[in-house]
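Here is the structure we will look at, set down as structure tokens.
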Ligand code: PMV
């Protein structure tokens with residue numbers, strides 16, 4: 013326990029849920045299981061510098077985004093430190109400088125909480141490993157995912173790749189409410205290098221924070237059915253992932269996306285998080301799919317942006333379509349080409 017100062021650094025990706033997490037209990041325990049593709053290019057890089065804290069009675073840290081001091085990030089990180097301190101009892105012994113940057117543009121409407129919180133959790137784990145060098149990689153990853161969850165629920169699915177399950181369920185026996193696990197069953201080659209092109213339809217501030225959104229599932233009239241449906245959809249996804257049936261895959265993920273938005277439209281208070289361009293894009297995707305027979309589908313997060321999912325083998329034609337027909341519905345014509353990835357990396 014003699015380490016006094018140093019620096020650790022991680023890059024950690026974002027992820028996109030196929031079966032959505034929406035609704036949580038206390039301590040960031042999900043109401044239903046979720047499964048996601050880890051992304052490859054949308055990521056956060058975090059450098060954590062540490063030195064002895066002269067006053068170990070309080071947390072001592074500063075946050076920088078792209079080199080700029082960000083006092084407004086302080087409360088969120090402080091809440092995170094308070095939650096994880098019992099699992100990382102050394103936190104107050106250090107003074108931290110947290111320097112972070114994202115690969116995707118600022119305020120692009122892409123949530124940086126999954127990549128950002130997992131990158132920070134991984135840095136803290138690297139520090140713990142310096143104090144406990146005998147720690148195994150399996151334990152390291154599991155605890156990193158556990159800590160990430162306490163920062164932002166979906167962040168626990170970003171530590172590893174390429175398909176991660178979070179939330180106890182019977183389809184994946186080793187699953188847990190406390191951390192993400194790798195999807196253990198067969199996955200058809202159709203999903204290898206699966207593409208996710210993120211259309212930046214609306215780059216504005218999120219209308220509803222995910223904390224508020226999750227809470228709206230308490231007492232929601234359709235909550236019980238929705239949570240049961242998520243279990244069913246995860247079970248239904250298993251034969252789809254094994255067989256590579258892309259038509260069934262698309263039906264399942266599009267239904268999940270629309271259900272997520274339906275939950276927000278039917279809560280009290282209610283929200284519409286899609287924009288007119290979200291619907292334009294969805295209708296164009298459906299028409300193009302009908303015309304060409306290509307396997308283009310979409311999913312949505314809790315916002316207006318559209319994730320266009322498709323197999324690598326069909327990328328040429330689908331990218332042409334995105335460029336020629338969908339980009340005009342994006343703010344400043346912006347979209348980000350990403351694909352399935354394999355998790356965080358130590359730098
Ligand atoms: O991790 P949070 O609390 O920001 O919640 C994210 C929830 C969704 O992105 C809408 C769905 C999901 O499973 O990622």
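Numbering (the UniProt record's numbering), first residue to last: 13 to 359. Cβ atoms here follow ideal geometry from the backbone N, Cα and C, with glycine treated the same way. Since this is a predicted model, take the numbers as computed values, not measurements.
query: State whether the stretch 81-91 contacts the stretch 242-257, with contact taken as three or more CB pairs (one from each stretch) at a distance under 8 Å.; result: no
query: Alpha helix (DSSP H) containing residue 86: first to last residue?; result: 86-96
query: Would you identify the three-state DSSP class for residue 79, choosing helix, strand or coil?; result: coil
query: How about residue 274: is its Cβ closer than 7 Å to a heavy atom in the ligand PMV?; result: no
query: Would you mind reading off the limits of the beta strand (DSSP E) that contains residue 257?; result: Here residue 257 belongs to no beta strand (DSSP E), and DSSP marks it neither H nor E.
query: I'd like to confirm something about residue 32: is its beta-carbon nearer than 7 Å to some heavy atom of the ligand PMV, or not?; result: yes
query: Where in the stretch 265-339 do unbroken runs of the alpha helix (DSSP H), each at least 4 residues long, occur, reported from the N-terminal end onward?; result: 288-304, 327-333
query: Please classify residue 194: does DSSP put it in a helix, a strand, or coil?; result: strand
query: Based on DSSP bridge pairs, tell me the residues matched to residue 175.; result: 49
query: Mark residue 254 as exposed unless 16 or more other C-beta atoms lie within 10 angstroms of its C-beta, in which case mark it buried.; result: exposed
query: So does the stretch 55-70 actually touch the stretch 199-214, counting three or more Cβ pairs closer than 8 Å?; result: no
query: Can at least three beta-carbon pairs, one atom from the stretch 68-83 and one from the stretch 103-123, be found at a separation below 8 Å?; result: yes
query: Could you please give me the residues that DSSP links to residue 19 through a beta bridge?; result: 61
query: My parser needs the beta strand (DSSP E) runs of 3 or more residues fully inside the stretch 143-187; what are they?; result: 175-178
query: Shortest alpha-carbon distance to residue 227 belongs to which of 19, 300, 289, 275?; result: 275
query: Three Cβ pairs or more, each shorter than 8 Å: is that satisfied between the stretch 180-188 and the stretch 222-239?; result: no
query: Identify, in the order they occur along the chain, each residue of the same chain with its Cβ nearer than 7 Å to the Cβ of residue 339, setting aside the five sequence neighbours on each side.; result: 345, 347
query: Grab me the residues of residue 82's own chain with a C-beta within less than 6 Å of its C-beta, minus the 5 sequence neighbours each way, in chain order.; result: 75
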